[in-house]
Amino acid sequence: MIEILNDAELSRARRAGALVADILQSLRARSAVGTNLLEIDRWAKAMIEEAGAESCYVDYAPSFGRGPFGHHICTGINDAVLHGRPRDQRLADGDLLTLDLAVSVEGIAADAAISFVVGDRRPADSVAMIEVTERALEAGIAAAVPGNRIGDISHAIGSVLDAAGYPINMEFGGHGIGSTMHQDPHVANAGRPGRGYRLRPGLLLALEPWIMADTDELVVDPDGWTLRSATGARTAHSEHTIAITDGAAEILTQPMGRLA
Numbered sequence: 001m002i003e004i005l006n007d008a009e010l011s012r013a014r015r016a017g018a019l020v021a022d023i024l025q026s027l028r029a030r031s032a033v034g035t036n037l038l039e040i041d042r043w044a045k046a047m048i049e050e051a052g053a054e055s056c057y058v059d060y061a062p063s064f065g066r067g068p069f070g071h072h073i074c075t076g077i078n079d080a081v082l083h084g085r086p087r088d089q090r091l092a093d094g095d096l097l098t099l100d101l102a103v104s105v106e107g108i109a110a111d112a113a114i115s116f117v118v119g120d121r122r123p124a125d126s127v128a129m130i131e132v133t134e135r136a137l138e139a140g141i142a143a144a145v146p147g148n149r150i151g152d153i154s155h156a157i158g159s160v161l162d163a164a165g166y167p168i169n170m171e172f173g174g175h176g177i178g179s180t181m182h183q184d185p186h187v188a189n190a191g192r193p194g195r196g197y198r199l200r201p202g203l204l205l206a207l208e209p210w211i212m213a214d215t216d217e218l219v220v221d222p223d224g225w226t227l228r229s230a231t232g233a234r235t236a237h238s239e240h241t242i243a244i245t246d247g248a249a250e251i252l253t254q255p256m257g258r259l260a
């Protein structure tokens, strides 16, 4: 299903996006050496409920997971890049942490992810990986204009990742979003320009370039959810929800600093 949102729905999407962004920034500020992943999940739950929003993850049970997910945020450390299920694990100095959050406000969802290094130790390779995903995300957003196609976004993202020398996994990528968290169209992190669904105003997309340092192969944890690099290499993930407009795409998950 591909949804085109009306003005009222876009207004709710903006509120959902702002909430997601501000919760992620608040959690980033609170995630220190010694913080437990389950604490991060509890903080996310409290902020979502205080805002009168709904978690998109708690009851989420897709075919690729061992559902329901049962938590309010995805947390991945180092080699865990997607669908990281919070567990009893504490952050260490130099850990690369990925937080991925989706919430719904009055029936419209927004989704975003950030990766960052915890503590004072800042491994150069981890910082470089994060910066590459952020640049790839910027390139994808720049290509998300009406008249372009999904393939143009995928090509823009993939060009940045490939130029930096990272393998690209094609199984998981970005997606449409709206009344549900995951919708068509799928937005692969590499592709051919001029191909796929034509972009039009009112379409919401969650773009999410992610990489693993030396492989494109994933393995699944015994929890049935957490996806890790097959080699144990570090990973990074950046994501925004955007709205296609008559001109440049509107980033809905831009931090406003209201929960910091």
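Counting from 1, one number per residue, gives the positions in the sequence shown under the UniProt record's numbering. Just so you know, even glycine gets a beta-carbon here, dropped at the ideal spot from N, CA and C.
Taking the alpha carbon of residue i as the point to measure from, which residue in the options has its own alpha carbon closest?
i	options	result
residue 72	35, 103, 89 and 80	103
residue 69	203, 58 and 216	58
residue 95	164, 75 and 3	75
residue 86	209, 45, 130 and 54	45
residue 53	79, 21, 105 and 61	105
residue 88	36, 164, 158 and 249	36
residue 261	78, 217 and 158	Because the chain here runs from 1 to 260, residue 261 falls outside it and cannot be looked at.
residue 209	114, 249, 62 and 250	114
residue 182	159, 222, 135 and 60	60
residue 248	202, 216, 223 and 8	202
Please return the same chain residues whose Cβ sits closer than 6 Å to the Cβ of residue i, not counting the five positions on each side in sequence.
i	result
residue 188	154, 170 and 173
residue 214	231 and 233
residue 228	79, 80 and 219
residue 221	none
residue 49	none
For residue i and residue j, what's the separation of their Cα atoms in angstroms?
i	j	result
residue 230	residue 15	37 Å
residue 117	residue 83	18 Å
residue 25	residue 112	11 Å
residue 242	residue 34	34 Å
residue 137	residue 191	14 Å
residue 178	residue 167	30 Å
residue 246	residue 101	27 Å
residue 97	residue 125	14 Å
residue 207	residue 127	20 Å
residue 250	residue 130	22 Å
residue 135	residue 56	27 Å
residue 223	residue 217	18 Å
residue 121	residue 62	37 Å
residue 8	residue 99	29 Å
Would a check of beta-carbon distances place residue i closer than 8 Å to chain B?
i	result
residue 141	Given the protein chain composition of this structure (a single chain), no chain B is represented.
Is the distance from the Cβ of residue i to the Cβ of residue j below 8 Å?
i	j	result
residue 253	residue 237	no
residue 212	residue 233	yes
residue 3	residue 176	yes
residue 19	residue 51	yes
residue 23	residue 31	no
residue 81	residue 235	yes
residue 225	residue 65	yes
residue 161	residue 132	yes
residue 119	residue 93	yes
residue 184	residue 47	no
Which same chain residues end up closer than 7 Å to residue i when comparing Cβ atoms and leaving out the 5 residues on each side of it in sequence?
i	result
residue 13	5, 108, 110, 204, 243 and 252
residue 156	139, 140, 142 and 143
residue 158	168, 189, 190 and 191
residue 164	132
residue 186	173 and 175
With a CB to CB cut of under 8 Å and the five nearest residues on each side skipped, what residues in its chain are close to residue i?
i	result
residue 200	4, 146 and 244
residue 43	26, 27 and 30
residue 260	Confidence in residue 260 is poor, its pLDDT being 44 and thus under 50, which makes the residue's placement too unreliable to answer from.
Could you check whether the Cβ of residue i sits closer than 7 Å to any heavy atom belonging to the ligand ZN?
i	result
residue 238	Looking at this structure, you won't find the ligand ZN or any other ligand, since it has none at all.
Worksheet item: How do the region 144 to 158 and the region 196 to 204 stand: do at least 3 beta-carbon pairs fall below 8 Å, yes or no?
Response: Verdict: yes, contact present.
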